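**Student:** Have a look at this one before I ask anything.
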Amino acid sequence: MTTTETLRHTEPEAAPTANTGRVGAGVFNPRQLLTSLPDALRKLDPRHQARNPVMFVVWVGSLLVTVFAVAEPSGFTIAVAIWLWFTVLFANLAEAVAEGRGKAQAESLRRTKRDTMARRLVEGGEELVSGALLRVGDRVVVEAGEVIPGDGDIVEGIATVDESAITGESAPVIRESGGDRSAVTGGTTVLSDRIVVQIATKPGESFVDRMIALVEGAQRQKTPNEIALTILLSTLTIIFLLAVVALQPMSTYSGSRQSVTVLTALLVCLIPTTIGALLSAIGIAGMDRLVQRNVLATSGRAVEAAGDVSTLLLDKTGTITFGNRRATELFPVGTATAADLAAAARLSSLADGTPEGRSIVELCVAEHGLPAEPTQAERAGESVPFTAQTRMSGIDIGGRQIRKGAASAVRAWVGEQGGVVPDEVHEIVDRIAAEGGTPLVVAEGPVVRGVVRLSDVVKPGMRERFAELRAMGIRTVMITGDNALTAKAIAGQAGVDDFLAEAKPEDKMALIRKEQEGGRLVAMTGDGTNDAPALAQADVGVAMNSGTMAAKEAGNMVDLDSDPTKLIEVVEIGKQLLITRGALTTFSIANDLAKYFAILPAMFAAVYPQLDKLNITHLHSPNSAILSAVIFNALVIVGLIPLALRGVRYRPAGAQALLRRNLLVYGLGGIVTPFAGIWLIDLLVRLLPGM
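Take a look at the structure:
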C-alpha cells in the first residue's frame, strides 16, 4: 500500500478476525439415523440403486436370496436374505442422513424467500411490481425497512444492510455504489438510507435459489476422483463376481457343492460394499462441512480441488495482516521531544477520519496522556483535508501550521516554508520503509518534528498456519500493491514462501497461469470486478459475498462471511474430504481381504481339513461363518456412518505421513476388526437352530 493509499479518507468494512482453529470433525447426532429412515426406505427403488454399481449388485443378490427363501424356506436362508436387505438399507441410510442435513438447511433458506414487491424505476417515476417480474438490467429503489427484491449491484447510494437471513451474522454491513462492496443479495433488508439496485439475475436463479439447490444436493454431481473410484470399485466387484462364480464348479468337484444363497452372501461380503455404501455420503458431507462454515461451493469438484491445491495466493491486507495500518511508534528529530512530536501528530490527526489517523490519536493518548477529544480552541482550528495532489493533511490553528503526510510531500512543503529537512529524517524514513512500515513525516511550519511509523500488523498465528501449509507441501504467495521492499518485510514477518509486489490484475493472471503450467493447482480469494478473471482462472476461486456480482459469478466458491483468511480453512476441508475417502477406502479393501480369510477356511474345512488351521477364530460352522460375515458386513456400514459424515480429523502433515497413518490405523484396523467382529457375532449365531 502506498502512502497515498494509506491516507485515503475511506474506511473499508473491517475484516473478520482470523479463525485459527483446526478443521475438526463435523457434527453428528444419532437421531439423524432415525429421522432419515423413511428416505432410506424410498431409496430401495432399483432405479436409484442402479446409480451405484456396487450396491446394485447387493440389491440384486438380496432379491435373489429372497426368492430362494420364499421357494425353499430355511432359517439360514431367511436370515441371510434379511441381513442382505439391511446392508442395502444401511447404505441408503448413510446417503439419506447426509442429504437430510442439506434439506434442513435448504428449508431454512426457503423461509427467507418471499414474493417481495419492488419499486421499479421507469421513465417518469416508479412502478410497484412483484419481485418475480424483475428482469436483468431493471433498476429498483430500496429504502430503510424494505427488502431487496433480487440480486444485483448498487448503482446509486450507500446503506447499511441486514444480511443475517443469508449469512447468519446479526451485525449489519455497509454496501455502497462504485466499489467492491456494491453487490447485494435478494432477501436481505435495508436498515438505513436509500439505494438504487440494478438487478443482475433472473427470477429463480438468484443467489438464494442457487444456495438452496446446492445445499439440498439437487445439483451434486460426481467429481472426477469419485468417478475414478467408482470405476475401480466396479472393476473389483466384477473380479470378485467371477471368482465367486468359479467357486461353484470347484466346490462341486470337491464334493461340497455350495448353494446360491451361500455364494451370494460370500460375494456381498467380498465386494467393496463398505466404501461403496459410504462413497456418496462422504462427498455430500464434504460440501456440508463447507456450508457449516458459511462457504458455498458450486460443485464437489471445487471441494476436491481445494484438497489438491499446491499453491495458495493470499491478499496481504485483510488476510495476512489486519485491514488497516496502525501507528505503532514515534521518532522525534532535532530539538523536538517525544512529547512535542506527540502533540503535533495528535493535532494534525484530530480531523483525520481514516483508521490510520485515528490510530495516531490513540497512540498519543495512550503513551503521552493527551486528551482524546479536541478542546474548544482546537475545534476552532481549520483542518486541512488529505488530497491526492498534496498527499498531506493537517490543521491551521492559532497561527500554527501543522502537516503530516508522505515524506516527499512534507519535504516539499517544508521547503516552501523556508525550512530544511534534516538528514536524520531521511534515515528514519528509509529504515521504516525497509522494515515494511509506512513513514509519515510531521512538520510544524519550517520545522520537522519527527516521523510516525504506521505498521501492518500480521494476524496472530499466521506464521504457524503457513508453516503447517508448508508441511503439507503447499506453497503460499502473498499478493500486495506495496512496493517490493515493504512486501519483502511483511512476507518475512508472516512466514509466506513468496510474494508478488505492486500487483495488478494482469500480474495475478500471469502468476496463476505460470503455476498451473507447472502442474500445480492454485487457490485464491477476491472480491472485486478486477479479481474476476483471476478467480475464474484459479482452480479454487473463493469470492467474498461482500464483493461484486462479477467476482461471485467467476469464483467456484462464495464465502458468506467475506473473511479472506477462510481460504486456508477451505483447503483444509478439501484435504479432510480426500483423507476421509482414502481412509475409508483403505479400511474397506483391508476389511474385504480379512473377511475372505475369515470365511473360506470355515467353509471348506470339512472337505480340506488342512484349512482348519487357518480358521484362527474357530468359527462354529460354514453356515454360522457366512451369516456372521453378512451381519458384520451390514453393521460395519452403520458403524462408519458417523465417521463418513464427520470426516476423519484433519491434522496438517505431509503425504507420506498421511499414507503411513492410513495404513496403520485404517489398514490394520480393517484387517483386525472383521476377525474380532465376525468371531463375536458367531458366538451368538451358533445358538440359533440350524447353525
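All residue numbers for the sequence shown refer to my numbering, where the first residue is 442 and numbers rise by one. Glycine included, each C-beta is placed from N, C-alpha and C at the ideal position. In this text, all values refer to a predicted model and were calculated from it rather than measured experimentally.
For the beta strand (DSSP E) that Arg622 lies in, which residues bound it at each end?
**Tutor:** No beta strand (DSSP E) holds Arg622; DSSP gives it neither H nor E.
**Student:** Tell me which same chain residues have a C-beta within less than 7 Å of the C-beta of Pro613, skipping the five on either side of it?
**Tutor:** Thr601, Val602, Asp603 and Leu632
**Student:** Nearest-angstrom Cα distance between Phe827 and Gly988?
**Tutor:** 27 Å
**Student:** Please report the straight-line C-alpha distance between Arg820 and Ser800, rounded to a whole angstrom.
**Tutor:** 19 Å
**Student:** Give the DSSP-derived three-state secondary structure of Gln858 in the structure shown.
**Tutor:** coil
**Student:** Among the residues of its own chain, which have a CB less than 7 Å from the CB of Leu707, if the five just before and after it don't count?
**Tutor:** Val685, Ile1040 and Ile1067
**Student:** Taking the C-alpha atoms as reference points, what is the distance between Ile1122 and His1061?
**Tutor:** 11 Å
**Student:** Ignore the nearest five residues each way along the sequence and tell me which others in Ala1024's own chain have a CB closer than 7 Å to its CB.
**Tutor:** Val1089, Asn1103 and Tyr1107
**Student:** Between Leu485 and Val529, is the Cβ-Cβ spacing less than 8 Å?
**Tutor:** yes
**Student:** Cβ atoms of Arg904 and Gly936: under 8 Å apart, would you say?
**Tutor:** Yes. Within cutoff.
**Student:** Here's the rule I'm using: 16 or more other beta-carbon atoms within 10 Å means buried, otherwise exposed. How should Gly566 be labelled?
**Tutor:** Residue environment: Gly566 is assigned as exposed (fewer than 16 neighbouring CB atoms within 10 Å of its CB, all protein chains considered).
**Student:** My output table needs one value for Ala813: the three-state DSSP class, helix, strand or coil.
**Tutor:** coil
**Student:** Counting pairs of Cβ atoms below 8 Å between the stretch 889–904 and the stretch 1067–1085, do you hit three or more?
**Tutor:** no
**Student:** Which residue marks the beginning of the beta strand (DSSP E) containing Thr714, and which one marks its end?
**Tutor:** Element bounds for Thr714: not the beta strand (DSSP E) but the alpha helix (DSSP H), Thr714 to Gln733.
**Student:** To which residues of the same chain is Asp749 closer than 6 Å at the C-beta, ignoring the five residues directly before and after it?
**Tutor:** Closer than 6 Å at Cβ, skipping near neighbours: Leu962.
**Student:** Since I believe Ala535 is in contact with Leu719 (beta carbons under 8 Å), could you give me their beta-carbon distance rounded to a whole number of angstroms?
**Tutor:** 5 Å
**Student:** Roughly how many angstroms separate the alpha carbons of Thr760 and Arg742, rounded to a whole number?
**Tutor:** Whole-angstrom Cα-Cα distance: 25 Å.
**Student:** Using only CA atoms, which one of Pro887, Ile615 and Ala1117 lies nearest to Gln858?
**Tutor:** Ranking Pro887, Ile615 and Ala1117 by CA distance to the CA of Gln858 puts Pro887 first.
**Student:** What do you reckon, are the CB atoms on Ala813 and Val802 nearer than 8 Å?
**Tutor:** yes
**Student:** Taking three-plus beta-carbon pairs below 8 Å as touching, is the stretch 1012–1019 in contact with the stretch 725–732?
**Tutor:** Flag = yes, the stretch 1012–1019 and the stretch 725–732 touch.
**Student:** According to DSSP, is Thr776 helix, strand or coil?
**Tutor:** DSSP places Thr776 in coil when its eight states are reduced to three.
**Student:** State the DSSP-derived secondary structure class of Gly591, mapped to helix, strand or coil.
**Tutor:** DSSP places Gly591 in coil when its eight states are reduced to three.
**Student:** For Thr626, which option in Ala995, Asp781 and Ile595 has the closest C-alpha, if you only look at C-alpha atoms?
**Tutor:** Nearest C-alpha to Thr626: Ile595.
**Student:** Where Asn735 and Asn986 are concerned, what is the direct C-alpha to C-alpha distance, given to the nearest angstrom?
**Tutor:** 10 Å
**Student:** Which class does Thr671 belong to by DSSP, given the choice of helix, strand or coil?
**Tutor:** helix
**Student:** With the cut-off set at 8 Å, would you say Val582 and Pro590 are in Cβ contact?
**Tutor:** No, Cβ-Cβ distance for Val582 and Pro590 is not below 8 Å.
**Student:** Could you please give me the residues that DSSP links to Lys845 through a beta bridge?
**Tutor:** Ser834 and Val883
**Student:** Rounded to a whole number of angstroms, what is the C-alpha to C-alpha distance between Pro665 and Val744?
**Tutor:** 11 Å
**Student:** To the nearest angstrom, how far is the alpha carbon of His867 from that of Gly860?
**Tutor:** Straight-line Cα distance between these residues: approximately 15 Å.
**Student:** Identify every run of the alpha helix (DSSP H) within the stretch 464–526, keeping only runs that are complete inside it and at least 4 residues long; order them along the chain.
**Tutor:** Within the stretch 464–526, the complete alpha helix (DSSP H) runs of at least 4 residues fall at 472–476, 478–483, 487–490 and 494–512.
**Student:** Classify Arg890: buried if its beta carbon has 16 or more other beta carbons within 10 angstroms, exposed otherwise.
**Tutor:** buried
**Student:** Please state whether DSSP places Ala1098 in a helix, a strand or coil.
**Tutor:** Here DSSP, grouped into helix, strand and coil, assigns Ala1098 to helix.
**Student:** Mind checking which residues open and close the beta strand (DSSP E) that includes Thr917?
**Tutor:** From DSSP, the beta strand (DSSP E) with Thr917 extends over Arg916 to Ile920.
**Student:** For Gly465, which residues from the same chain have a beta carbon less than 8 Å from its beta carbon, with the 5 sequence-adjacent residues on both sides left out?
**Tutor:** With a pLDDT of 48 at Gly465, under the threshold of 50, the modelled position of that residue is not reliable, and the figure given next carries that caveat. Closer than 8 Å at the Cβ level, and outside the excluded window around Gly465, lie Arg1090 and Tyr1091.
**Student:** With DSSP as the reference, label Ser790 as helix, strand or coil.
**Tutor:** Helix, per DSSP.
**Student:** Would you check if there are 3 or more beta carbon pairs closer than 8 Å linking the stretch 568–576 to the stretch 502–518?
**Tutor:** no
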